[in-house]
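A.B. asks: Residue numbers (this note's numbering), protein chains in the order written: chain A, 120 to 672; chain B, 5 to 335.
A virtual CB, placed ideally from N, CA and C, is assigned to each residue, including glycine.
This is the structure, below, for whatever I ask next.
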Amino acid sequence: MRRRLMLSVVMLAVGAGLLVAAAFAGAASSGTPQGTSGKGAVGGTFKYSLDTDIDYVDPALAYYVPTWQIEYATCANLMNYPDAPAPKGSRLVPEVSAGFPKISKNGKSYTFTLKRTYRFSNGKQITAANYAAAINRDLNKEMASPSQPFIADIVGAQAVIDGRAKKASGVKVLSAFKLQITLSKRAPDLLSRLAMPFFCPIPTNLPINPDGISAPVVGSGPYYIAKWEPKRAITLLRNRFYRGPRPHNVNSIEYDIGLPLATIRLNIESGKTDHGGVPPAAHVELGNKYGVKKRSPGQYFVNPSAAFRYLAMNHDRPLFGGGSQGNIKLKQAVNHAIDRIGMINQRGAYAGVINDQYMPPTMQGFRNAAIYPSRPNVARAKSLASGNLRGGKGIFYCANSAPAPATCQIVKSNLGEIGLDMEIKPFPRAVQFTKTGTRGEPFDLTLEGWHMDYFDPYDFIFLLDGTTIRPANNVNFSYFNSPAYNRKIAAASALVGQGRYRAFGNLDIDLAKNAAPLASYITDNTRMLMSSRVKNFFYQPVVEMDLAAIAVQ
Amino acid sequence: MFQYLVRRLLWAAVLFIAVTMVSYIIFFLVPAEPARLMAGPQAPPDTVERIKKQEGLDDPVVVQYGRFLKRLIGGPIPGVEPSLSKSLGRSYATRQPVTRIVKSAAPVTISLVLGGAILWMLIALPVGILSALRPRSLLDRGAMVFVLVGISAHPVWLGLLFSYFIGYKLGLTPLGGYCDLVNPSTDCGGPIQWAHAMLLPWLTFAILFAALYVRMIRANVMEALNEDYVRTARAKGAPEWMVMKGHVLRNAMLPVVTMLGMDIGLALGGAIFTESVFGLPGLGKTAVTALEGFDLPTVQGIVVFATLAIIVFNLAVDLLYAWIDPRIRLA
């Protein structure tokens, strides 16, 4: 009996001791900061499913939204956008640059002083030479990087692009931590352009390879690309040498590639993956099931993106063209005639918000002027069109993949009401884009869209800059070329700060109301489904998905 | 036999040229701009022109086709790096060598097709034979319903159903994705995980063929059972299993062998539907992605592989047929 009692006491003591130990262990594992975490647990793996592969892991060549999201997590740029929702997330701040650059009096020379605390994932310190190497590699003729048009205004850039030089004379490494970039003309949007992932710092000995480098890729940001198995998987791991202020909550980010959207959705809902695309028809159900949120907590998030869709009216053709600003009344009639709500509905639930202007509402400087109606104002459209139909027949280029054909049919029907008979010609999207970008192509109207390359209002208004028109590869699909507006665009481009944003905001309204070269109808929403594990999601307005800030339970 | 082989190989070469030429020409009729695809949407015209010259995209279609054939055989081509000799060229979309793309996709399709073939034969043989032995029985009628469903149901629909009920609701298998059998390139690999991930794709892929083969085997066995030699064998007192093995099946399987070889050869061109539903990075899915992006070299590479597979398997089937059936002489 005594023995039994002794045993019980001993077991009680052991059990109590274990309880105490467990309490301490639990506190320790949740309390160790491994990075600024926000509201989620630190550690774990974030799983992301892509239905199609990324294009490259080479910063000089990557030009695709998912790849840029990866590069936002793996790059430390001179200037960058904060890990924060709008509006803070769309305000450019210095990252590796110690403050904003010193700009010369003529506005053409930018001198950056770098912080000394940044290191690559291989431990090497990041210096001015790494940024110079990135720019010169981007300009290299063999690389044929899509970044070249964005830095063609650097002094000496054209010589490198043409193969006559190896380095641009306007990119100078003044010292280990001082970099100077000189432009051929003033361009206040340089800093926004330098925040693009093309200008991620690279090792100075990174080879020229027009096929692109393969993983592992040395990273300068909170993560680096440890593995890329094309069409199969991507792995990002923490950069243990990163000492910057950006968050790095999860230990790793794992991508799987190639599953269809329906399967990805099931995987998200069962917790096998944390995020990925879903079938367009699923959004109604998801919104009803999870509720529509903008940020965590929640699982289904809808936020406005920096993209818009529109009809471009070709000013090189008699129907909408003529004079310096074209057939203004007919173009305004088109804007009054189209059923914007009907067109948006073709894209599925929560697809976007009505927008009759040319900048998205998230862009600095945007002011909502509510110029045109959401539903057709047939009477107003008819009165504007009257006497301006010029035969009333036109050719309408349209993509042949959903939802474009249905959208184009709605437009055709709307314009039919005001006396315009549009013949729809469908093409595969890539073919349509090429054709409408070729000057002289015989179309009067085309259905298009534009997603920003960098976060500056010029990246939208330049779609109407007549000075950019060339024989092929145009993005000014309306071939709008008004000397007066070209001057206004140039004047706004030369401004900086709030003055710049105000000027572009005014120009946006002026163009939409008075010249109407486009009939815009939607600013896209980004619709995202996350698993229940995901914490601390917010919509980063520039890259949309902030991999560094995400946390999982 | 030797003469027959030589003749077949010559015809194979002619067929190969015809198929590749037609696919080349079709691509040229489509108004795509591969140079623009490689340069990016914002590239200035001179960059696009430079890429056109670099890749020889401004040459006439006949010249480009000739260059493609020469590169395939391994001849030196001015201006083309030696590593691209004896290759299928480079993808316009990813700039990767097409040979590498096909080499990485082919094992996935081979896994799917061979595994699916084994499964469909495992289903079709017993069901077809038993149906033939017990015509109009419950088993026979059940088999015919299975045949009807198997032939009518689209593989995409079947795949999504299996994915939802077996993968998602019951959680018995992954919903999709591929695990390497050997040398895994992702965290998922090895024979067990490979087989586990392939269960649903095999089942989806096999059902249509299993249904067709049940019908064919049933009909062939029933026909063979009515032959005189079977009646004679039974009359001589041979046990039923010997009659089945030695007389009925041996004759009934001849057309099955032929069809099997041809179906496997065709399927190796890319089981597009099954690969798309389950996200398998095989030839079918690669071909669809390449077609959408007007990536001619990748499409050509897959056409070459598929053509060769069909030619090889057809030849193998013909030789096998001659070996199995002594009545056949390869003239």
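What three-state label does DSSP hand L138/A in the structure shown?
C.D. replies: Against the first sequence, residue 138/A aligns to sequence position 19. Only weak support is given to the placement of L138/A: the predicted model assigns it a pLDDT of 48, under 50, and the question is left unresolved by the model.
A.B. asks: Assign R384/A to buried or exposed, taking buried as 16 or more other Cβ atoms, counted over all protein chains shown, within 10 Å of its Cβ.
C.D. replies: Position 265 of the first sequence, counted from the first residue, corresponds to residue 384/A. With 16 or more other Cβ atoms within 10 Å, it is buried.
A.B. asks: Once DSSP output is grouped into helix, strand and coil, what is the label at S294/A?
C.D. replies: On the first sequence, residue 294/A is found 175 positions in, with the first residue counted as 1. Looking at S294/A - three-state DSSP - the assignment turns out to be strand.
A.B. asks: Nearest by alpha-carbon distance to K501/A: which of V594/A, I457/A, F599/A and I473/A is it?
C.D. replies: As a first step, residue 501/A must be located in the first sequence, where it is residue number 382. Minimum Cα distance to K501/A is reached at I457/A.
A.B. asks: Whose Cβ in chain B lies nearer than 9 Å to the Cβ of G395/A?
C.D. replies: Within the first sequence, residue 395/A is the residue found at index 276, counting from 1. Simply none; closest approach about 11 Å.
A.B. asks: Less than 7 Å between C-beta atoms, sequence neighbours within five positions excluded: which residues of the same chain meet that for S311/A?
C.D. replies: Stepping through the first sequence from its first residue, residue 311/A is reached at position 192. Closer than 7 Å at the Cβ level, and outside the excluded window around S311/A, lie L211, Y573, F574 and D575.
A.B. asks: For chain A, check one thing: does any of its Cβ atoms lie closer than 7 Å to the Cβ of L179/B?
C.D. replies: If you number the second sequence from 1, residue 179/B lands on position 175. Answer yes: the Cβ-Cβ gap between L179/B and chain A drops below 7 Å somewhere.
A.B. asks: Is the shortest distance between the beta-carbon of R75/B and the beta-carbons of chain A less than 7 Å?
C.D. replies: Locating residue 75/B in the second sequence gives position 71, counting from the first residue. Judged by the 7 Å Cβ criterion, R75/B is not in contact with chain A.
A.B. asks: DSSP has T301/A in a bridge; who is on the other side?
C.D. replies: Along the first sequence, read from residue 1 onward, the residue named residue 301/A stands at position 182. Paired residues: S228/A.
A.B. asks: When you compare each of K408/A, A425/A, P423/A and S424/A to G711/A by their alpha carbons, which one comes out closest?
C.D. replies: Look at the range of chain A in this structure, 120 to 672, and you will see that residue 711/A is not part of it.
A.B. asks: Less than 7 Å between CB atoms is the rule here; does G194/B satisfy it with respect to chain E?
C.D. replies: As a matter of chain content, chain E is missing from the structure shown, whose protein chains are A and B.
A.B. asks: Decide yes or no for the touch test of the segment 267–284 of chain B against the segment 193–206 of chain B: beta carbon pairs closer than 8 Å, at least 3 of them.
C.D. replies: Output reads yes: the segment 193–206 of chain B touches the segment 267–284 of chain B.
A.B. asks: Determine the chain A residues that contact V281/B at a beta-carbon separation under 9 Å, and present them in chain order.
C.D. replies: Along the second sequence, one-based indexing puts residue 281/B at 277. What V281/B touches in chain A: P379, A381 and T382.
A.B. asks: Between the segment 526–541 of chain A and the segment 445–456 of chain A, are three or more C-beta pairs nearer than 8 Å?
C.D. replies: The segment 526–541 of chain A vs the segment 445–456 of chain A: in contact.
A.B. asks: Can you name, in chain order, every residue of its own chain whose Cβ lies under 6 Å from the Cβ of K632/A, other than the five neighbours on each side?
C.D. replies: For the purposes of this step, residue 632/A is taken as the residue at position 513 of the first sequence. The answer, listed in chain order, is I490.
A.B. asks: Which residues bound the alpha helix (DSSP H) around C527/A?
C.D. replies: Residue numbering aside, residue 527/A sits at position 408 when the first sequence is read from its first letter. Per DSSP, C527/A belongs to the alpha helix (DSSP H) from A523 to E536.
A.B. asks: Taking only three categories from DSSP, how would you classify N644/A?
C.D. replies: In the first sequence, the residue the question calls residue 644/A occupies position 525. Three-state result, N644/A: strand.
A.B. asks: With a cut-off of 7 Å, does the C-beta of D330/A fall near any C-beta of chain B?
C.D. replies: Start at 1 with the first residue of the first sequence, and residue 330/A comes out as number 211. Yes, contact with chain B.
A.B. asks: Taking the C-alpha atoms as reference points, what is the distance between Y168/B and E560/A?
C.D. replies: Your numbering for residue 168/B matches position 164 in the second sequence. Your numbering for residue 560/A matches position 441 in the first sequence. When rounded, the distance between both Cα atoms is 47 Å.
A.B. asks: Mark R606/A as exposed unless 16 or more other C-beta atoms lie within 10 angstroms of its C-beta, in which case mark it buried.
C.D. replies: Counted from its first residue, the first sequence places residue 606/A at position 487. It counts as exposed.
A.B. asks: Report yes or no: do three or more beta-carbon pairs, one from the segment 462–481 of chain A and one from the segment 547–561 of chain A, lie closer than 8 Å?
C.D. replies: No, the segment 462–481 of chain A is not in contact with the segment 547–561 of chain A.
A.B. asks: How many Å lie between A291/B and A610/A at the Cα?
C.D. replies: Here residue 291/B is taken as the residue at index 287 of the second sequence, counted from 1. Here residue 610/A is taken as the residue at index 491 of the first sequence, counted from 1. So the two alpha carbons sit approximately 49 Å from each other.
A.B. asks: What does K289/B reach in chain A if we use C-beta pairs closer than 9 Å?
C.D. replies: Numbered from its first residue, the second sequence carries residue 289/B at position 285. Those within 9 Å of K289/B in chain A are K350 and G377.
A.B. asks: To the nearest whole angstrom, what separates the beta carbons of A256/B and A228/B, a pair I think is in contact under 8 Å?
C.D. replies: In the second sequence, counting from the first residue as 1, residue 256/B sits at position 252. In the second sequence, counting from the first residue as 1, residue 228/B sits at position 224. Yes, A256/B and A228/B are in contact; Cβ-Cβ is about 5 Å, under 8 Å.
A.B. asks: Going by DSSP, what residues sit across from C517/A in a beta bridge?
C.D. replies: Residue 517/A sits at position 398 when you count from the first residue of the first sequence. Partner(s): P545/A.
A.B. asks: With a threshold of 8 Å on Cβ separation, who are the neighbours of R351/A within its own chain once the five nearest residues in sequence on each side are excluded?
C.D. replies: Numbered from its first residue, the first sequence carries residue 351/A at position 232. Answer for R351/A: D375, I376 and G377, listed in chain order.
A.B. asks: Taking L325/A and A217/A to be in contact with their CB atoms under 8 Å, please state how far apart those CB atoms are, rounded to whole angstroms.
C.D. replies: On the first sequence, residue 325/A is found 206 positions in, with the first residue counted as 1. On the first sequence, residue 217/A is found 98 positions in, with the first residue counted as 1. Not quite, the Cβ-Cβ distance comes to about 24 Å (not below 8 Å), so this is no contact.
A.B. asks: Would you report the Cα separation of A314/A and L13/B, rounded to the nearest angstrom?
C.D. replies: Here residue 314/A corresponds to residue number 195 of the first sequence, with the count starting at 1. Here residue 13/B corresponds to residue number 9 of the second sequence, with the count starting at 1. For A314/A and L13/B, the distance between alpha carbons rounds to 59 Å.
A.B. asks: Going by the DSSP bridge assignment, what does K104/A pair with across the sheet?
C.D. replies: Residue 104/A lies beyond the residue range present for chain A, which begins at 120 and ends at 672; the question has no answer from this structure.
A.B. asks: List the residues of chain B that N97/A touches, going by C-beta distances under 7 Å, in chain order.
C.D. replies: With chain A represented from 120 up to 672, any question about residue 97/A goes unanswered, as that position is not in the structure.
A.B. asks: Could you name the residues of the segment 298–311 of chain B whose beta carbon sits closer than 9 Å to any beta carbon of chain A, in the order they occur along the chain?
C.D. replies: Residues F298.
A.B. asks: Does the segment 258–271 of chain A come within contact of the segment 229–245 of chain A, defined as at least 3 CB pairs closer than 8 Å?
C.D. replies: With a cut-off of 8 Å, the segment 229–245 of chain A and the segment 258–271 of chain A do not count as touching, because too few Cβ pairs lie within range.
A.B. asks: When you compare only the Cα positions, how much space is there between D202/A and A670/A?
C.D. replies: Residue numbering aside, residue 202/A sits at position 83 when the first sequence is read from its first letter. Residue numbering aside, residue 670/A sits at position 551 when the first sequence is read from its first letter. Each residue's alpha carbon lies about 13 Å from the other.
A.B. asks: For my contact list, G305/B and V102/B are in at a C-beta cut-off of 8 Å; report their separation, rounded to the angstrom.
C.D. replies: Position 301 of the second sequence holds residue 305/B. Position 98 of the second sequence holds residue 102/B. That pair is a contact at about 4 Å.
A.B. asks: Strictly under 7 Å for the Cβ-Cβ distance: is P159/B near chain A by that measure?
C.D. replies: The sequence position of residue 159/B within the second sequence is 155, counting from 1. False, the Cβ-Cβ gap to chain A never drops below 7 Å.
A.B. asks: Where G145/A and A345/A are concerned, what is the direct C-alpha to C-alpha distance, given to the nearest angstrom?
C.D. replies: Within the first sequence, numbered from 1, the residue matching residue 145/A stands at position 26. Within the first sequence, numbered from 1, the residue matching residue 345/A stands at position 226. Caution is warranted here: a pLDDT of 36 is assigned to G145/A, below 50, making its placement in the model unreliable, and the coordinate value is therefore given only provisionally. Using only the alpha carbons, I get a separation of about 31 Å.
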